[in-house]
Every structure is written in C-alpha cells, then in structure tokens.
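*Asks:*
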Amino acid sequence: NTAKQKMEYKMLLACLLMSTTLIVGQNIYLDQALFKCPKYWVRHQESCYRFVTSPIKRREEARKICETYQSDLVSINTIEEHTYFLKELQWRDPQHRTWYTGGKLLGGYWSNEADGFSLSAVETAIFPEPNDGVVREFLAYSYSPGLQKWGLKKVTANEEHLYICEAHISNLANLIEDERDYTYGIEIENPLRIPRGPYFTTQPQSQVYDSAEQYKLINEVTLKCHAEGYPTPTYEWFRENYINGRAHAEVIDPLRDNRYTVTGGNLVIHKPVQIIDSGSYHCKASNKFGTIISETVKIEFSQILEFNLKRSEERGDQNWGKTVYCDPPVHYPDVNYYWARDYYPNFVEQDQRVFVSKDGALYFSALEPIDAGVYSCSVQSTASRTGRQGPFFPLRVDHQSSFQQIKFANNFPKTFPDTPVVGDSVTFECVAFGYPVPSYNWTRIGAPMPRGATFASSNRLLTINNIKIEDQGPYECRASNGRGDIVGRVELSLQAKPNFTIPLEDKHADKDQDLTWTCEAFGVPDVTYSWFKNGELLNIFDLPLEDRDRFTIYDNVLKIQRLDPERDPGMYQCSATNVLKTVYSSAQLRVLSMKPSFKKHPMEPEIYAAERGNVTIVCNPEAAPRPKFVWKKDGNIIGSGGKRTILENGNLIITRVSKDDEGFYVCVASNQYGTDESRGRLIVLRGPQFVEQLGPSILVSVMYNWTLRCRADIDPLLDIAYVWKHNGLEIREKDLMTNPRYQIYDGTFHLINITLSDAGEYECVLKSAVGTISSKSTMIVYGPPGPPGGVVVHIMKTSASLVWTNGAKNGRDIIMYSISARTSYGDWFTIADNVTAIEVDRYTGRQQAEIENVLIPFTTYEFRVKAANDLGYGPYSLPSPKYSTPSAKPQHAPKNVGGGGGKVGELTITWDPLPQAYHNGRNVYYKIFWRLKGKEYEFQSLLLENYGNIGSYVVSISPENYFLEYEVKVQVFNEVGEGPTSDIAVIYSAEDLPIIQPQGVAAFSYNSTSLNVTWQAIPAIRESLKGLLIGHRIKYWQANKTEDESSFLLSRGQRNWSLIVGLQADTEYNVKVMAYNSAGPGPASERYLQRTFRKAPQNPPTSVFPYEVNPSTIRVTWRFVQPDWGEEPLDGFKIRVWEVDQDMSTANDTIVTAGSKLEAYVRNLSPGKTYNLRILGFSKGGDGRMSSPPLTFQMGDPAQFRNSASGNSFDVSIGIIFLVVLRQLALI
C-alpha cells in the first residue's frame, strides 16, 4: 500500500532525526545509495512519478499500464505534493492537456482510489464542473484558460487523457537495470569491430524529381540509406504497393531491371518514369544480429503546366482596395509567386500599399493612378528551378471621389502554410484595404511573442522560424489608418510529426529474465504504436505457440517473459505513427549467460577514505545472471550490519570510517556458471577539516566589493582542490574569463562591483581523494527595486489610473516611481516622474497612482512602471495591455501654413497634415480660409470634409488677381468637432506670363567660345512682369541656322548681363532675351547678331628654361609662338608658377605683353621650395595651349647663393637647368 509505505518512511525519517547529526548524514548517504528512481521517472520525497505522454488512454486502461510499471495512478496526499504537480505540469505541458490522477468520488467524498486517503486538503483546487447533467466521478489535472492556472478537473472514466503513475521508491528497485553495453561479456581487441546489430546513421529522405531533368545527360534520382554495425550491414530496397487494400512491400532487384542500382545502401533510379517509379520506398539493413527497416519515403514528380494565355483586363477604383489573382497553372509541389509590371523581369516593388501574398495574389490597399499598367504573374517550383510566366494583362484605375473604409481583404489575417508542422517556419499575413493606407501591429493573445519572432513588410508579416508546440494559440492583427482601426484574429494550430521522447534502448539481459521494453513518442495528432522484430511486424497471433504466452504487447509496451537466448535475441523496433509520418526507434536484444569476471573492472588496488567519513568500495564484475556477493576483510567473511552495508549491486558501503577499517578487502562474486574474486586495500587518512568557513549570511549593496574566504586542514599526503559554486552552479574557468568581476585564488573569492545578480547562495567546496566538505553562505544584495508586475490601467479621457504590484524591494523601501508610455506610432517616453503611489490592497500589496491631463485622445497606449529607492531606479515592468483613450476634438492647429504657385486663376494653400498623434479621433479633415490682403475684410472659406487628412488644396480665384497677396489660415476638424485654427499666413496667388520685352539687348565677343550678352534692367512692375522676376531666358542660335534650332540659357537673378559659353570660334550668333517668372518666359527681345573671336593660340611655347637669379627670383626664357590664320593675334604670354604639392588653380601668373623681350622674372618665391612652371600665349580668343610637361625646379639655399654670387653665378644657373633636365628625364 503506497500510502502506508509513505507513512512508514516518514516515521523512519522522524526516528533518524532524533539521532545525532552524524547519524542523520550517514542515513541520507545510505538512502541515496540504496534508493533511486528508474530512468524516465522523477523523484519527489519518497515517491517516483512517471508522466506518461503517449498514448492517451481511458482511465481504466491508464491504470492497467501503470500496473505494468508496478505503480498506480498518482495519489495526492498533501498540499505540498499538489503544488509539486502544478509546477511540473507548468513546464512539462505547454499544450495544457489533461492528466488522469487517482482521485475518485467515493461515498460523496473525494479520495485517492489507490490508498483511500481523503482529498479534503486539495478540494479547493477542484474547478467547478459544467451544469450539463453529466456525472463526473474522477479527477484529472487540467489547465483553466479562464483562470489562467492549473488545477483539478472533474472527468468521466471514458475520456481519453494522459496520466501520471506513482510508486514508492522502494518498489521500483527491480526496474533499475545494470549499465551494460555491447562490450559486456565480450573480449574486445579492436574497438572498431565491436559486434553489434545494425543501426541507421542516415535515414532516406523523400525526393521530388523535376520532370525537366529527363532531358539532361545525368538523369537519375537517388535515395540514401546508411547503417553502421559489425559485421557491416547489407541492404535491400523495397517499393510499397497496395494489393487488395493491404500494404505489400516488393523487393527491388537490380538484376531484373537495369534502371535500378543499389550501392552502399543507396538506391539509384536511372531515367525515372512517373507511372512506374512514383510511390513509397523503404530500405532494410541486416547483419548476423538481425534486420531493421527504415522510414518510408516517397518519390514524387514535380510539374507545372502552362498558364492560360488569354486573360481579360482588371479594373479598380482610385483610393479603393484591389485584389489581382494570379490564376496559376496546375502544379506540384508548391510554387513561389512573382509579379512583373510592364515587362519581365521588372518585378513589382512592394511597400506598405502594395503586397504580394503567399497565396499568389497581388494586393493594393488603396489603388492610385500610378498603378495603372500591364501586369504578369510568374511562378517557380519550390522543388526546382522550373517556372512559368503568365500573360501580361492591363490594370486600369478609374477615378473615384470617394474612398474605401478600412476592412480586411480575403479572409486575412491568415497563416502560411495552412496546416503548419512543428519545426516549420510559419508566416502570418495581414492585409487590409482602405484609404489612407493602413498600418499593422501583431500581438499574441495571453502570452508574449515567441522568441525569435520577426516582423517585415511594414509589420504586415509576422514570421516564426522553427515553430514549437508551445507557440500555438490565438494571434491578433490590428490594422489602422487614422480613420479607423480593425482587429482580426487567427488561431495557430500545429501538427507534429512523431518524435521519440523515450526511444528504445539496447538491452543486454540475463537468460530467463523478464524484459519490459517501453518506447514513447510525441505527435499531434496522437500516435499509434507497432512493434517489429528483425524487420517483421510483431503480431501475437503470428508467433509460434510456445512464444505466445511469453510475449505481451500493449501499445508502446512490449513484455517478454523468461528470455530465451536461442529464440529472443535480435533487432527490435518500435514504430510511432500519425497522419504525418511513421518513425522507428531501433534497439538490439542480447540474452546473456556467463560466469562472473573481474577482468575488465577489477577492484581498485588502493582505496582511500577519510576518518569519520563514508566510503564505497566498488565491486563490479561482469556476470549473467547477476551474481551473489560475499565480502571478506583480512581473510574473514563480513556481512551487512552496523556501519557496513552490502548493496544488491555488490558495492560495500562503510560509514563512520575509522582506522580499524583499514585492511585488505576481497569481493567474491558467484552464479550458477562459476565464481571470481577481486581484492584491494583500504587506507584511512585524516580528511579535510575547515579552519576558516564562510559566514552564514552577508549583507552588501550594489557596486560594492566583497571577499569570501574558506581554508581547510588535511593530511599532508593528500592534495586538495577548491571549487566555488553560486546557487548550486559551479563557477568554471571560462566563467572567470567572461566575467572579470569574479577573481578566485583557491580559497579566496573576490566579488568586484556587486550587482543584484550576484545575490544568492555561495558554496566553497574542498575536494580531496578521501572526501569532500563544503561551507555555504547566503549573500543578500541591496540595490534598486526589481521590476513591478501586473500593470493594469483604467483610462479616463486624458488621465489614467495605474495599479501594479511591487517587485523585489532588494533591501530598501521604495520611495517613488516613474511611469513611461508608448503609443502605436512611437517609442517609449516618460509620461510621469517622481510619482507617489498609495497601497490599495494590503493583502496583495497592489499600488495605485494617478496621472492627469497627459494623455492624447484617440490613442492606443502601453504603460510600464519602474520603482526607485535610495539606491536608484530599478528596471521597468513588462508593458501593460494596450488601452485606447476616447476621442476628442483636435487640440493642435495645422502648422507651416503657406502656398503659392500654380496656374493663373488659382490660389494654392498648403499646410502640414496633422500627425496621427494629434488626430484625437477618426475622420480628420480641414476648413480653409482666404482673403485678398488689404482689400477684403471677410474671409472666404471652404470645408474639405470629403478629402481627409490632406496637406494642400487649390482654390479658384479671378484671373485678374494674379500675383497678389492673400491672407490664409486653416482649421482642423474630426468626427467629434472642430479644432483650433492656424495663424494667418500671407501667400501670393499664381503668377501670369510676363508681357514686357527686354530692351537695349547687345552682345559682345568675350573669347573664342563665349559671348557677353547685356540688356537694360527690367523694372519690377506687376502689370508688366505679372509676377516675381526669377531671371532671364536667353535664346541663341548660329546665324547660318534656323531659329527652331535654338539653344536656351536661364540666367537666374536680377543682373542685366550673362555669359553664353560653349560656342564655336569665329562664328556669328543671333541672341534674344526674355523675362522669366514662375509662370514661364515672356516675349522675346529683338535679336542681336554678334561674332565670336577667332581661336586662342593653338601652339604652346617651347624651349622654356628657368634660371635662378636669387633665392626668391628666377628668370624664364622661351621661344616665340607664331599665330596661324585662324587664330587671333597674340596679346602676350603668361608665366604660370605653383608649388608642386598644390593644385594648378593656386598658380600665380606673370604677364609679358606681345612685342616685349621673350623673358620674364618671377619673383617672391620661397627659398628651398619646389615649383612647377608652364608658359602659355593668350589673345582675344582666350588662353592658348600651355607648355608641356610642367617644368619642376627647386629654389636654392640663401647661404649657398651668397657663396656662389662672388663669381659662380654661371654654375648656379647651370645647376638649376641641370635639375630641370633631370626631372624631365624622370631620373630624379
């Protein structure tokens, strides 16, 4: 009886607690050694629990399966045990399924069916049952979405649920198996040749064959299958068919069909044919130990047919949404969609208004005239590069004065794929029609967004990669456009391919032993199980008669009684199947019988123990079946009792070790096949003892430093190692490298600039060969408060009341708070600082604060709170749910009112559209006012109610009122009422074309490529200019051409001259001038004829030589340039000198007029500097070509010049000429 065992165990613990501290410690040590839960069971106090996640069962079936595990449905005896289950289910079951317990209604009271104990202690945790007349007599753990918590739910026995099994820890000892592997009982010489059955390392994968591949040189499809094992496995491939409605596997024989090749486990199909090769396949891997089968895969053939090339036009209304469907051809598998405009591949550019969905359609949230054009949809297979291009068709946009109210398009929001599978990437799409163009926001209902969720396409897309089962649930898309907002919800429901949570494990069992084999898989929908032996389905009725009573199959449990080494060894597989897939877990069964042997695991020759400590002497022979053990000390047989305990696995435990325990120990192991023994010597040393321990508790503030110390004394023969732990986790070397605030030197631990994360339990562990001791201390860190939680807000127009629960105080009282907010169109900002809160619930500690006249009407807010104490502010709370303020009249007037321009008879008024944050309500629009400045006293006005949140409007006025000052203002409205009016701004009405003709136009030759055009200044008279003079438009053309071949030059500004450049030399040009304003040019002047000068000198000066006169002056000589007949007469020469590290634009010119001597002195140069020099001729035609390349020279040192001046000036001149020549030859 489980409850009785629980009570006996508690009484035993009570007796132990009455003993000395040393005795208690030793019994805990023994308890841990004697009792533990089997694999996949969890321990809590003296019970082991198994959370069975598959398959779901009715209650009686669940109870029978628990009995096969020597357990029963869980009994809930205390509040503490109930709390343990709530915590376990919180993390174990994100799907919030239902779990059977042992609770049952007996005689009108709830009690545990297994032990009859009353459940009165947890009756308050039972959820109310629905009033539907159904009698529910059993209890199961379940999650209440309404209450947002786990609890107990009343259920019937016929419902299929998961379940929890429980057994006392002492009842499951026989389920704990020895740790054996493939080497157990085998002499291994080569570790690469360990005998074992086959196991898959590469499972085959389904293939989609592109039909276009048949025209390629290499035309084949390959299925890969690989297994390890020794001897090396051999392979067979099978094609699965259905004959008379039953599955049949047909072996593929490459000798019968040369299109097939099987090599190294791979199946290669040459020249695949769809009607023959399309289908399901699997492989088998075999060696002498057995056979296993692989997962079933498919070969499928992709195809994309042709588009229908006839498609009619599409039409839509301006400012209304539009869906353009792709109408793709028949295809397999899925395709990607692409839309092109006007020509291929000019793909449609997507933005907040235009979107290509994974459903293939092209969506326009609001059509605009620029959308008119021709469009084409193209598709490309997801399995290959094959694609098809659809026909181009026109999209026409019709003018429409109205606009569409916001609404979701075509069942949006929705997910892709439609039925996602765990591990997929899932995309949520949200598309809405309406004007103005909507914006989007995604939220998850009742939970935070999954980690790694990303947003794209103006927040229209939400993508979750590698989706998990806990990510399913409702998601919500909010679309808003200033005129309204709508909310759409989509429920994410996931499927999951089977995945083994408890795979089969190889068994190396004893002859005549009973074997219970369990596998467990998770899948959605739930899985069903089958068992295979050596690749063949295990069916009780197909077994030989002598085996039927030994084999029991119950879903995922296989039980074999009295293992037979001749009949039972082999390869076993458990398969888990749902609608998505079938997966296999494979394992080998070895049935062993052998005499005990210590050859692989002899006893340690020397075992060290610490005085007053505990020691375990391991006795671990190989034997099948498990042997019986006899221990001897110094030749005398010893047994369990006192401070010695012999465990079932042969180990000897000695507690309260003393010097008397030293000696030679022998472990003798024997079974029906023989006996073996091993011996070792126990040496007792003085163990480690603390000299300096950690204090029980430490109080420290953030940003301070602290040092922890511990020291121990130990036997000189032993080494000691220090290990430091924080909250149970060892602080490793790499932790010290990544956290320079931690510095550890053996028993000294320095913490620098302490943070709140450093709080917790610290443990100094001293390890030696004979024992381990530890000392613990709790560090309490004072710091800024932790983040508040549970922020709830009550909105009142522009004010709000916030309620929250304080976070951790971190050692100091909270003195104030700061509240920040975020709207849907902005970042976080502080909305109230230095806030004082009042406590509104002394039981829960809920705090309340008011913020007044700080909120904007018609705005969605999130709020968060942070608390402060005398050490500063702590982190913010999580954001509150979103709240919207009610609508109100606009409070902000339009800004930047202005305007002007346009056509004659128009008054253009502009302003900045009101930002969304200032709308204060739906349907923002404007009223405009205008009047002629100084001549009209009353404003004319126009209400723009149907135009929305625009930023400009054009008013019609009299054409005679061109270029006159108008006073304008703009008032804002929304659905609640009128808002403020802007300040008056002065603008000009549209200008008219000038009617004045420029006078006194003349043109003068400037050089060979330019004319200087002049005219009389035009008076600023409204009636003639009819606007503001922007500049002058100059029209010019060659005299030998027509005026239609004219070129134009726009000269901006008020000046009455301009240069025309880029002309041809020695050519006559006609010139006209026009006044120009924003409306355009006025009438042209009379034309003026003028010729450009002939060309500038085309030949450069030659024989250029510089001579140094003194440290700052050179003399330059050159040869004369003779102008040709097409050039203007020479006016002179320019000697151009500049420093070598400067641009030539910085050069200084020395002018030498024509007729002068062909030499020049260049003065004011800097001694020691290096210069470039070029010479050019100039005339009325402009500057001629320069000497080339530039001459480079360096001015001499003044001291050297003085020395040479006495009679060596010739040498100096020769030197500078020599320097120039060398530079020209690129020798220096």
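First residue of the sequence shown: 37, per the working numbering; consecutive thereafter. We put the CB at the ideal spot given by N, CA and C, even for glycine. Small disclaimer: the values here were computed from a predicted structure and weren't measured.
1. Under a three-way DSSP split, which group does S1060 fall into?
2. Output yes or no for whether 8 angstroms exceeds the beta carbon distance between I576 and R584.
3. Give a yes or no on whether the C-beta atoms belonging to S338 and Y245 are separated by under 8 angstroms.
4. Please look up how many angstroms separate the CB atoms of F439 and Y471, rounded, as I've assumed it's under 8 angstroms.
5. Near H786, what residues of its chain come up, given a Cβ to Cβ distance below 6 angstroms and the 5 sequence neighbours on each side ignored?
6. Spell out a yes or no on whether the segment 896 to 903 and the segment 922 to 934 are touching, meaning 3 or more CB-CB pairs, one atom from each, closer than 8 angstroms.
7. Less than 8 angstroms between the beta carbons of T814 and S733, yes or no?
8. Figure out for me which residue from D542, I1054 and E1195 has the closest Cα to the Cα of Y1089.
9. In terms of residues, what are the limits of the alpha helix (DSSP H) holding I1054?
10. Can you tell me where the beta strand (DSSP E) with E1023 in it begins and where it stops?
11. Decide yes or no for the touch test of the segment 643 to 659 against the segment 616 to 624: beta carbon pairs closer than 8 angstroms, at least 3 of them.
12. Below 8 angstroms CB to CB, which residues in the same chain sit around E331 once its five sequence neighbours on both sides are set aside?
13. What does a CB cutoff of less than 6 angstroms around T834 pick up in its chain, not counting 5 residues either side in sequence?
14. Which parts of the segment 560 to 594 are runs of the alpha helix (DSSP H), unbroken and 4 residues or longer, counting only runs that do not cross its ends?
15. Taking only the alpha-carbon atoms, compute the straight-line gap between P453 and Y179 and give it to the nearest angstrom.
16. Three or more C-beta pairs closer than 8 angstroms, one from the segment 985 to 994 and one from the segment 930 to 947: is that the case here?
17. Per DSSP, which residues does H318 bridge with? Please list them.
18. For G524 and C84, I'd like the C-alpha separation in whole angstroms.
19. Verify whether the separation of the beta carbon atoms of L1209 and P1142 is less than 8 angstroms.
20. Thinking just about the alpha-carbon of each residue, which of N959, C261, N372 and I1070 is nearest to the one in G1118?
21. Any contact between the segment 1022 to 1034 and the segment 970 to 988? By contact I mean 3 or more CB pairs, one from each, below 8 angstroms.
22. Is it buried or exposed, N789, if we count other Cβ atoms within 10 angstroms and call 16 or more buried?
23. Can you tell me whether W273 is buried or exposed, with buried defined as 16 or more other CB within 10 angstroms of its CB?
24. Apart from the five residues just before and just after G1013, which ones in its own chain have a Cβ nearer than 8 angstroms to its Cβ?
25. Give me whichever residues DSSP pairs with E527 in a beta bridge.
26. For a quick check, are the C-beta atoms of K505 and P456 less than 8 angstroms apart?
27. Among the candidates A157, I305, H197 and N382, whose CA atom is the shortest distance from the CA of Y136?
28. What are the complete alpha helix (DSSP H) segments, minimum 4 residues, inside the segment 899 to 983?
29. Are E658 and Y266 close, meaning C-beta to C-beta below 8 angstroms?
30. Among residues of its own chain, excluding the 5 on either side of W1020, which ones have a beta-carbon nearer than 6 angstroms to its beta-carbon?
31. Restricting to Cα atoms, I'd like to know which of V693, V727 and I674 is closest to V704.
32. Reducing DSSP to helix, strand and coil, say where I1066 ends up.
33. Which residues bound the alpha helix (DSSP H) around A98?
34. Distance, Cα to Cα, P776 vs R745?
35. State the DSSP-derived secondary structure class of M739, mapped to helix, strand or coil.
36. Roughly how many angstroms separate the alpha carbons of G571 and V304, rounded to a whole number?
*Replies:* Once the coordinates are examined:
1. Sequence index remark: in the sequence shown, residue 1060 carries index 1024 (1-based). Helix, per DSSP.
2. For the purposes of this step, residue 576 is taken as residue 540 along the sequence shown, with counting starting at 1. For the purposes of this step, residue 584 is taken as residue 548 along the sequence shown, with counting starting at 1. Yes, these two residues count as a Cβ contact at 8 angstroms.
3. Translated into positions along the sequence shown, residue 338 becomes position 302. Translated into positions along the sequence shown, residue 245 becomes position 209. Yes; because the gap between Cβ atoms is below 8 angstroms, this pair is in contact.
4. Stepping through the sequence shown from its first residue, residue 439 is reached at position 403. Stepping through the sequence shown from its first residue, residue 471 is reached at position 435. 4 angstroms between Cβ atoms; contact.
5. As a position in the sequence shown, residue 786 is number 750, starting the count at 1. Around H786: T743 and Q779.
6. no
7. One-based indexing of the sequence shown puts residue 814 at position 778. One-based indexing of the sequence shown puts residue 733 at position 697. Yes.
8. As a position in the sequence shown, residue 1089 is number 1053, starting the count at 1. At residue 1089 the sequence reads Gly, which differs from the Tyr that was named. The shortest C-alpha separation from G1089 is found at I1054.
9. Numbered from 1 along the sequence shown, position 1018 holds the residue referred to as residue 1054. Unbroken run through I1054: none, as it is neither H nor E.
10. Here the question's residue 1023 lines up with position 987 in the sequence shown. It is Ile, not Glu, that sits at residue 1023 in the sequence shown. It spans A1021 to Y1024 - the beta strand (DSSP E) in which I1023 sits, taken as one unbroken run.
11. no
12. Working through the sequence shown from its first residue, we reach residue 331 at position 295. Q239, P240, H318, K617, T618, V619 and Y620.
13. In the sequence shown, the residue the question calls residue 834 occupies position 798. These residues qualify, in order along the chain: N889 and L891.
14. 581 to 584
15. As a position in the sequence shown, residue 453 is number 417, starting the count at 1. As a position in the sequence shown, residue 179 is number 143, starting the count at 1. Approximately 28 angstroms, taken between the alpha carbons.
16. yes
17. Residue mapping note: residue 318 aligns to position 282 of the sequence shown, counting from 1. Looking at the DSSP assignment, H318 forms a beta bridge with F274.
18. Position 488 of the sequence shown, counted from the first residue, corresponds to residue 524. Position 48 of the sequence shown, counted from the first residue, corresponds to residue 84. Whole-angstrom Cα-Cα distance: 46 angstroms.
19. Mapped onto the sequence shown, residue 1209 falls at position 1173. Mapped onto the sequence shown, residue 1142 falls at position 1106. In contact: L1209 and P1142 (Cβ atoms closer than 8 angstroms).
20. Here residue 1118 refers to the residue found at position 1082 when the sequence shown is read from its first residue. Checking every option, the nearest Cα to that of G1118 belongs to I1070.
21. no
22. Working through the sequence shown from its first residue, we reach residue 789 at position 753. When all chains shown are included, N789 counts as exposed.
23. On the sequence shown, position 237 is the one that residue 273 refers to. Per the 10 Å Cβ criterion, buried.
24. The residue labelled residue 1013 in the question sits at position 977 within the sequence shown. K925, listed in sequence order.
25. Translated into the one-based positions of the sequence shown, residue 527 becomes position 491. Its beta-bridge partners are P510.
26. If you number the sequence shown from 1, residue 505 lands on position 469. If you number the sequence shown from 1, residue 456 lands on position 420. Note on identity: in this sequence residue 505 is Ile, with Lys being the wrong assignment. Taking 8 angstroms as the Cβ cut-off, I505 and P456 do not qualify as a contacting pair.
27. Mapped onto the sequence shown, residue 136 falls at position 100. Of the candidates A157, I305, H197 and N382, the one whose C-alpha sits nearest the C-alpha of Y136 is H197.
28. none
29. Within the sequence shown, the letter at position 622 stands for residue 658. Within the sequence shown, the letter at position 230 stands for residue 266. For E658 and Y266, no; Cβs fall outside 8 angstroms.
30. For the purposes of this step, residue 1020 is taken as residue 984 along the sequence shown, with counting starting at 1. According to the sequence displayed, residue 1020 carries Ile and not Trp. Excluding sequence neighbours, I1020 sits near E1003 and K1005.
31. Locating residue 704 in the sequence shown gives position 668, counting from the first residue. If we check each option's Cα against that of V704, I674 comes out closest.
32. By 1-based counting over the sequence shown, the position of residue 1066 is 1030. If DSSP states are grouped into helix, strand and coil, I1066 belongs with coil.
33. Taking the first residue of the sequence shown as 1, we reach residue 98 at position 62. Looking at the DSSP string, the run of the alpha helix (DSSP H) that includes A98 is R95 to T104.
34. One-based indexing of the sequence shown puts residue 776 at position 740. One-based indexing of the sequence shown puts residue 745 at position 709. Their backbone Cα atoms lie some 18 angstroms apart in a straight line.
35. Position 703 of the sequence shown holds residue 739. Of the three classes helix, strand and coil, the one that applies to M739 here is coil, per DSSP.
36. The residue labelled residue 571 in the question sits at position 535 within the sequence shown. The residue labelled residue 304 in the question sits at position 268 within the sequence shown. Each residue's Cα considered, the two are about 22 angstroms apart.
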